[in-house]
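First comes the structure, then the notes that go with it.
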Amino acid sequence: MLQAGLCDLVMDCGRPGRGALGVPAGGAADPDALAGGNRLVGNDADAAGLEIVQRGPILRFPRGAVLALTGAPFAARRSSGVPVARNETLALAPGETLYLDHARHGCRCWLAVRGGIAVSPLLGSRSTFLPGAFGGHTGRALRAGDCLALGVAAREVRLRRGRPPLRDAMAPLRVVAGPQAGQFDDAGLAAFFGGAYRVDAASDRRGVRLTGPAASHVCTELPSQGVLPGAVQVPPDGQPIILGWDGPVTGGYPVIATVIGADWPRLAQLRPGDAVRFATIGVAAALALALEDWDIRDLG
Amino acid sequence: MAKHGTGQPSAAPDWRWVGERGVRVATGAATLARYDALMACNFPEIEDMIPADDSILLVLRRGAALPPALCEALHAPLPGVVACGGALHEIAVAYGGVAGPDLSVLARQAGLAVDDYVDRHAAVLYTVAFLGFQPGFPYLRDLPAALHARRRASPRLRVPAGSVAVGGAYTGIYPAAGPGGWRLIGRTDAALFDAAREAPALLRPGDRVRFVPK
Chain U
3 MLQAGLCDLV MDCGRPGRGA LGVPAGGAAD PDALAGGNRL VGNDADAAGL EIVQRGPILR
63 FPRGAVLALT GAPFAARRSS GVPVARNETL ALAPGETLYL DHARHGCRCW LAVRGGIAVS
123 PLLGSRSTFL PGAFGGHTGR ALRAGDCLAL GVAAREVRLR RGRPPLRDAM APLRVVAGPQ
183 AGQFDDAGLA AFFGGAYRVD AASDRRGVRL TGPAASHVCT ELPSQGVLPG AVQVPPDGQP
243 IILGWDGPVT GGYPVIATVI GADWPRLAQL RPGDAVRFAT IGVAAALALA LEDWDIRDLG
Chain C
197 MAKHGTGQPS AAPDWRWVGE RGVRVATGAA TLARYDALMA CNFPEIEDMI PADDSILLVL
257 RRGAALPPAL CEALHAPLPG VVACGGALHE IAVAYGGVAG PDLSVLARQA GLAVDDYVDR
317 HAAVLYTVAF LGFQPGFPYL RDLPAALHAR RRASPRLRVP AGSVAVGGAY TGIYPAAGPG
377 GWRLIGRTDA ALFDAAREAP ALLRPGDRVR FVPK
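Protein chains in written order, with my numbering: chain U, 3 to 302; chain C, 197 to 410.
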């Protein structure tokens, strides 16, 4: 790594199944985008890549590499100055450099590399967990001078192009109401479901903090209970926090609603200043949307 | 939001959807026994189970429906009083001073001398109710009512690792440095969580803990 981006993290599909230890599943904020990139370079879906936020790194590949960029469109070019396309297989010659600049819109992209990033797994995953300083590359974001080894790819390489499911970035985030929606007064519910919020600068992988109309409620502290990423917690000040991928597995603030899995990829692309609105959807309808997949085809 | 009938209203546990991938089940005092029983069922649809205060969150795999046998499993009788199978841990704590900046205020609020507050805190054989908030963070049950304390109105930005704290009706230990709103009364050198260890969390739900003043 010649120059680090804002926060470059080694990520795979995370470490689900350890909630009883207080360990969140974590992993790529949009696991389908990382999995799509992995398919484009001939990896298994759960190979580790890089999750890149807002401003990317400069990376040199002494032995060349086969790569794919997915997620938000970033200004990206190779040594020759040729721009790098998103969602397709790219082959770099030995010694070539990849320059990743700012996100044109959205927040996060994923760099999948043929063979996957070969850091040692911890608790069943190669994902970085920053709050606990473990996983990934020594538990931290990458820095200039870091060297990452690559593993062996699962399949032969083919030039491919992928298309993610269509998403409307302007539509309200879809939520299933509850479990504590009943603790909110009418004004609080009206504020939450009718209001427009802004993403606060203090947001990170632990939570997306929102500012806007106060979602007032009557409860102060609840018993601690298990929570999922996407749960919208409302502290006493009424400003909602959408729990993120590295958020706590238990919480004691009332949860007014939970963002459905199909809209997690959109959560991953929120950046400070973005507008957010919410709309409710039923559990059955949310389940039916759960398995939208990428369309991936061979080129030529 | 819907509560789901289970066919046995008298004994029906309270279920609630939490998003389309989570179902929270009220389990009351039998939470850990029910957790063990559900773990033994090994439902392929369930990716994770998170026990907490009198409830368990069942996390479904993506796209999975509720296990057909879940209802039955939630109603299955539990083994009677479980023998205390949890391990006993003695944890050395430096109380007060820079290690426990909130101790004197908490003692005053409780109407106790600082030494009395410490004696009462260290006299209890606590039970680990569940882990949460941070990897390996234990919620220890059986804190004497006189020692209960509300959380801070605004959390500290950085609580040192090993801090022993009081939050509401629980006492706990911060395994890693980070933000936190509990009241800090002391600190331990014990390594509460190490991802590289065979058993990453020092304390498990059901374990017993006694604090030993240094």
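Using N, Cα and C, we set each Cβ at its ideal position, and we do this for glycine too.
Length of the line joining the Cα atoms of residue i and residue j
i	j	result
GLY126 of chain U	ARG17 of chain U	6 Å
ALA391 of chain C	LEU92 of chain U	35 Å
ALA245 of chain U	ARG279 of chain U	A small correction: the amino acid at residue 245 of chain U is Leu; Ala does not occupy that position in the sequence shown. Looking at the two C-alpha atoms, the distance is approximately 16 Å.
TRP247 of chain U	ASP312 of chain C	42 Å
GLY203 of chain C	CYS267 of chain C	Note that GLY203 of chain C scores 36 on pLDDT, short of 50, meaning its location in the model is unreliable; the coordinates nonetheless yield the value given after this. Their backbone Cα atoms lie some 9 Å apart in a straight line.
VAL43 of chain U	GLU294 of chain U	21 Å
GLY83 of chain U	GLU98 of chain U	11 Å
VAL285 of chain U	LEU212 of chain U	24 Å
TRP112 of chain U	ARG41 of chain U	13 Å
LEU301 of chain U	GLY164 of chain U	10 Å
PRO123 of chain U	ARG65 of chain U	24 Å
GLY307 of chain C	ALA342 of chain C	9 Å
ALA222 of chain C	ASP210 of chain C	5 Å
GLY253 of chain U	PRO247 of chain C	12 Å
ALA155 of chain U	LEU144 of chain U	23 Å
CYS149 of chain U	VAL12 of chain U	12 Å
MET197 of chain C	ASP32 of chain U	For MET197 of chain C, the predicted structure reports a pLDDT of 36, less than 50, and the residue's modelled location is therefore unreliable. A value from the coordinates is still provided. Rounded to whole angstroms, MET197 of chain C to ASP32 of chain U spans 27 Å at the Cα level.
PRO237 of chain U	PHE186 of chain U	12 Å
ARG160 of chain U	PRO267 of chain U	26 Å
ASP14 of chain U	ALA37 of chain U	9 Å
ALA193 of chain U	VAL201 of chain U	16 Å
ASP239 of chain U	GLY382 of chain C	29 Å
GLY96 of chain U	ARG116 of chain U	Note on residue identity: the sequence assigns Pro, not Gly, to residue 96 of chain U. Taking the straight line from one Cα to the other gives about 14 Å.
PRO401 of chain C	CYS9 of chain U	35 Å
ALA269 of chain C	GLY39 of chain U	40 Å
ALA137 of chain C	ALA357 of chain C	Outside the modelled stretch of chain C, which goes from 197 to 410, sits residue 137 of chain C, for which no answer is possible.
Cβ-based neighbour list, residue i, same chain, cut-off 7 Å, excluding 5 preceding and 5 following
i	result
ALA272 of chain C	ALA233
ALA292 of chain U	GLY263 and ALA264
ALA260 of chain C	GLU241
PRO205 of chain C	With a pLDDT of only 35 at PRO205 of chain C, under the threshold of 50, the placement of this residue in the model should not be trusted; the figure read from the coordinates follows. Excluding sequence neighbours, PRO205 of chain C sits near nothing in its chain.
Cutoff 6 Å; reference residue i; Cβ partners in own chain excluding five residues on either side
i	result
GLY58 of chain U	GLY7, PHE76 and LEU102
ARG348 of chain C	GLY377
LEU398 of chain C	LEU388
HIS200 of chain C	Residue confidence for HIS200 of chain C is low, a pLDDT of 40 falling below 50, so the modelled location carries little weight; the figure read from the coordinates is stated next. Cβ within range, chain order: TRP211.
ALA203 of chain U	PRO274
PHE239 of chain C	PRO263
ARG207 of chain U	GLY246, TRP247 and ASP248
PRO85 of chain U	ARG79
For residue i, three-class secondary structure by DSSP
i	result
LYS199 of chain C	A caution first: LYS199 of chain C carries a pLDDT of 37, below 50, which makes its placement in the model unreliable, though a value can still be read off. Looking at LYS199 of chain C - three-state DSSP - the assignment turns out to be coil, as it is neither helix nor strand.
PHE326 of chain C	strand
TRP378 of chain C	coil
GLY134 of chain U	helix
PHE389 of chain C	strand
SER359 of chain C	strand
TYR199 of chain U	strand
TYR313 of chain C	helix
SER300 of chain C	helix
PHE280 of chain U	strand
ARG169 of chain U	coil
VAL154 of chain U	coil
ARG337 of chain C	strand
GLN227 of chain U	strand
ALA265 of chain C	coil
MET235 of chain C	helix
LEU398 of chain C	coil
PRO205 of chain C	Because the pLDDT of PRO205 of chain C is 35, which lies under 50, any placement of that residue in the model is unreliable, and the number read from its coordinates should be weighed accordingly. It is coil, neither helix nor strand.
ALA290 of chain C	strand
GLY19 of chain U	coil
C-beta contact flag for residue i and residue j at 8 Å
i	j	result
VAL251 of chain U	PRO26 of chain U	yes
TYR366 of chain C	TYR335 of chain C	yes
LEU4 of chain U	ARG62 of chain U	yes
ARG275 of chain C	ALA229 of chain C	According to the sequence as given, residue 275 of chain C is Pro; it is not Arg. Contact: yes.
VAL310 of chain C	LEU321 of chain C	no
SER129 of chain U	GLY328 of chain C	no
MET245 of chain C	LEU256 of chain C	no
GLY197 of chain U	GLY214 of chain U	yes
VAL408 of chain C	VAL289 of chain C	yes
Residue i, buried or exposed, once every other Cβ within 10 Å from all chains shown has been counted against 16
i	result
HIS139 of chain U	buried
ALA146 of chain U	exposed
HIS219 of chain U	buried
ASP297 of chain U	exposed
ALA233 of chain U	buried
Near the ligand MN: residue i beta-carbon under 7 Å from a heavy atom
i	result
PRO64 of chain U	Judged by which ligands are present, the structure shown has none, so any question about the ligand MN falls away.
Tell me which residues of the stretch 132–145 of chain U have at least one Cβ-Cβ distance to chain B shorter than 9 Å, keeping chain order.
Of the chains in the structure shown, none is chain B; the protein chains are U and C.
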